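First the structure, in the form of structure tokens, and then the observations on it.
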Amino acid sequence: MVGRSAPNRHPNRKLASRVRAVPGIRAVSTYRREWLVKDLVAGVVLTTLLVPQGMAYAELAGLPAITGLYTTVLCLLGYAVCGPSRILVLGPDSALGPMIAATVLPLVAAGGDPDRAVALASVLALMVAAVMILASVAKLGFISDLISKPTMIGYMNGLALTILIGQLPKLLGFSVDADSLIGECAGFVRSLAGGAAVPSAAAVGIGGTVVVLVLQRFLPKVPAVLVMVVLAIGAAVVFDLGERGVALVGELPEGFPPFTVPDVRPADLPLLLGGALGIALVSLTDTISNASAFAARTGQEVRGNQEMAGVGVANLAAGLFQGFPVSTSGSRTAVAERAGARTQLTGVVGAVLIVLMLVLVPGLFRDLPQPALAAVVITASLSLADLSGSVRLWRQSRTEFLLCGAAFAGVALLGVLPGIAVAVSLSVLNVFRRAWWPYRTVLGRVPDLEGYHDVRSHPQARQLPGLVIYRFDAPLFFANARTFRDEIRRLAGTDPRPTWIVIAAEPMTDVDTTAADILEDLDEALNADGVHLVFAELKDPVRRKIERFELTRTIDARHFFPTVGAAVAAFRRLTGAEWTDGDH
């Protein structure tokens with residue numbers, strides 16, 4: 002009996018181990034009693050921010066306000082089960098709102114069908130979930146590096162301006178129908194000049210924006226959004242703003258949505274997929290950066306692939322309950338942290354409180370003015386912009402500032418989704434540019450300094466007659482091999498003519514077949530003129546590639562040295578050359 006039962010216990014141990022590896026289960030098993038009060042208090046504080054922001058960001062995405070609350074609840078619960086971070090908070094996001102609207106609204110029938118918009122947004126969330134989970138399984142967290150910081154700054158600045166211009170009409174009590182940022186600007190100015198602004202709405206919207214900004218600036222521990230929302234609701238009741246032309250949120254649907262598999266036309270799926278990929282990339286970048294920032298504060302280790310899985314599950318949960326795509330939120334996570342959050346129980350408390358509100362008091366935000374929601378979105382958009390970062394780029398690197406400006410223009414002129422494509426393309430092209438036109442220089446010996454140094458930085462560097470030491474700071478591949486060849490030819494033609502050109506090859510991390518063919522032709526041409534190509538500090542994998550490409554048929558096997566110093570010593574033994582003073 003023992004012999005037959007022993008094998009059956011092994012799969013059970015494996016299953017138990019996998020269950021314990023689920024972040025939510027692990028968090029419960031290691032939970033400390035002293036954390037409970039702090040998590041409960043932090044959950045209550047967090048809820049005061051989750052509700053107004055959830056509704057505001059839903060409307061930013063072109064969806065009914067209630068869907069923002071559904072989304073918030075489900076993504077918090079989904080991430081609490083599968084997310085590895087102790088306190089990272091997920092939810093509707095101001096950066097994703099315009100991307101969702103840009104994807105969903107063109108597919109909604111003229112006149113706007115809210116149910117169809119919700120279904121499309123839910124499918125979009127499911128697609129984002131699939132992308133994130135597949136990326137996690139394939140360990141593709143590095144994809145977040147496709148957007149460099151300068152292009153991300155430009156993208157976020159453009160996004161902030163897009164959100165700001167789009168919300169200004171709502172802030173003042175009217176609407177503008179336009180398909181582009183320029184069209185929205187023109188429509189806003191025309192409507193404002195035509196007297197479309199509602200004075201009462203403008204007072205609420207502008208006043209709410211000022212309240213939030215002032216409190217965030219001078220009293221950062223006060224829940225600014227909650228204070229503004231309470232004041233706005235109070236003003237709506239006291240002054241009967243609904244009768245004065247101010248749009249109100251109205252009664253929210255009572256209860257909670259059922260499990261729903263969204264139904265959309267197959268023809269919509271390819272268009273939704275493009276938006277899902279862009280949203281997933283921005284969400285991934287946000288998640289990795291926020292997780293890294295808060296993990297550094299709490300001493301946690303960032304697990305990028307698990308983070309992707311957690312965000313994927315959060316989107317999956319939201320998409321199955323009439324929600325839309327979500328991401329991590331640095332501002333909400335900071336609120337939870339300041340309130341004393343210790344674990345994801347904080348988010349669970351927030352989700353439960355929102356459900357209780359929907360079931361017991363759905364009319365709580367009935368009198369909330371729409372301009373107040375616009376104020377929430379506008380203040381959030383201002384936090385997206387990084388003007389000081391743009392100024393720093395201007396001072397430090399004009400090239401990267403131009404990249405930032407191009408990404409900004411891409412969002413502002415082409416739209417949010419094309420803007421993310423522009424940002425990614427510019428980042429990739431900038432990497433390619435650096436490899437295409439790498440830094441290259443001649444090295445010399447500098448008195449009182451060990452090693453060999455750039456003659457541009459050290460004009461006094463000494464040279465050996467007949468020897469040139471050349472450094473090419475990039476892998477050698479099809480795009481830059483001809484640049485390398487032309488530089489070597491130029492050096493070989495200088496007067497006096499060198500007999501050895503030593504390549505300081507430590508930065509040369511790769512050689513492809515195109516570069517190998519060019520190297521072979523170059524070496525044959527140099528040898529015919531009495532000049533020899535010599536390599537120093539070539540990495541072993543690159544050396545093996547050169548041997549595999551059979552370049553040693555032309556490049557003398559004795560012309561490979563472990564260090565530049567060894568190559569120089571060999572040349573001096575061969576020629577008896579002495580160092581000369583540099584005058585570069």
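Take 2 as the starting number for the sequence shown in the working numbering and just add one per residue.
For each residue, glycine too, the CB sits at the ideal point set by N, CA and C.
Since this is a predicted model, take the numbers as computed values, not measurements.
Whether residue i touches residue j by CB criterion (8 Å)
i	j	result
L468	P499	yes
L354	G92	no
A118	L64	yes
V443	V456	yes
A62	I101	yes
P466	P497	yes
I134	G313	yes
G84	G69	no
T347	D40	yes
Y32	T344	yes
A277	V177	no
P107	T163	no
L50	V392	no
A475	A436	yes
In DSSP terms, what residue i is bridged to
i	result
L249	P370
S328	G92
G445	H454
Q464	T581
R472	T442, A505
L75	DSSP output for L75 lists no bridge partner at all.
F562	A537
Range covered by the alpha helix (DSSP H) that runs through residue i
i	result
Y440	No alpha helix (DSSP H) holds Y440; DSSP gives it neither H nor E.
F219	200-219
W395	388-397
A505	Unbroken run through A505 is the beta strand (DSSP E), 501-505; no alpha helix (DSSP H).
I164	150-173
L125	115-138
M509	Counting along the chain, M509 falls outside any alpha helix (DSSP H), and DSSP gives it neither H nor E.
E244	Here E244 belongs to no alpha helix (DSSP H), and DSSP marks it neither H nor E.
T553	No alpha helix (DSSP H) holds T553; DSSP gives it neither H nor E.
D40	37-61
E488	482-493
I144	Careful: I144 lies outside any alpha helix (DSSP H) and carries neither H nor E.
F260	Unbroken run through F260: none, as it is neither H nor E.
Same chain, Cβ closer than 6 Å to residue i, neighbours up to 5 away in sequence not counted
i	result
P8	Reliability fails at P8, whose pLDDT of 49 lies under 50, so the model's placement of it is uncertain and no value is given.
V212	M229
T288	E308, V312, T329
G331	N291
R573	none
Cβ shell of residue i (< 7 Å), same chain only, five flanking positions each side left out
i	result
V636	In this structure the chain extends from 2 to 585, so residue 636 is not present and cannot be described.
L78	A318, V349, A352
R34	none
R454	First, the residue type needs correcting, since residue 454 is His and not Arg in the sequence shown. Excluding sequence neighbours, H454 sits near L444, G445, V447, A462.
L415	V423
R5	Since pLDDT at R5 reaches only 49, below the 50 mark, its modelled position is unreliable, and the value read off the structure follows with that caveat. Closer than 7 Å at Cβ, skipping near neighbours: no residue.
V238	D368
Beta strand (DSSP E) segment containing residue i, residue limits
i	result
L534	533-537
Near the ligand COA: residue i beta-carbon under 7 Å from a heavy atom
i	result
Q217	Of the ligands one can find in the structure shown there are none, so the ligand COA has no counterpart to examine.
Own chain, CB closer than 8 Å to residue i, minus 5 neighbours either side, in chain order
i	result
M2	A caution first: M2 carries a pLDDT of 42, below 50, which makes its placement in the model unreliable, though a value can still be read off. None.
V360	E255, G256, F257
W580	R446, R463, Q464, L465
Residue-chain proximity (residue i, chain B), Cβ-Cβ < 8 Å
i	result
A342	Protein chain content of the structure displayed is limited to a single chain, and chain B is not contained in it.
### Cβ contact (3+ pairs, closer than 8 Å) linking the segment 161-170 and the segment 372-389
yes
### Task
Flag this pair as touching only if the segment 542-550 and the segment 507-526 have three or more C-beta atom pairs under 8 Å; answer yes or no.
yes
### Query
Do the segment 83-99 and the segment 267-285 touch if we need at least three Cβ pairs shorter than 8 Å?
Verdict: yes, contact present.
### Task
Tell me, please, whether the segment 122-131 touches the segment 319-329 by the rule of three or more beta-carbon pairs shorter than 8 Å.
yes
#### Entry: Sufficient close CB pairs (3 or more, under 8 Å) joining the segment 190-208 to the segment 240-248
yes
### Query
Are there three or more Cβ pairs, one per stretch, closer than 8 Å when the segment 358-369 is compared with the segment 205-224?
no
### Query
Do three or more CB pairs link the segment 477-487 to the segment 432-442 at distances below 8 Å?
yes
### Task
Specify whether the segment 136-152 and the segment 306-316 touch according to this definition: at least 3 beta carbon pairs, one from each stretch, less than 8 Å apart.
yes
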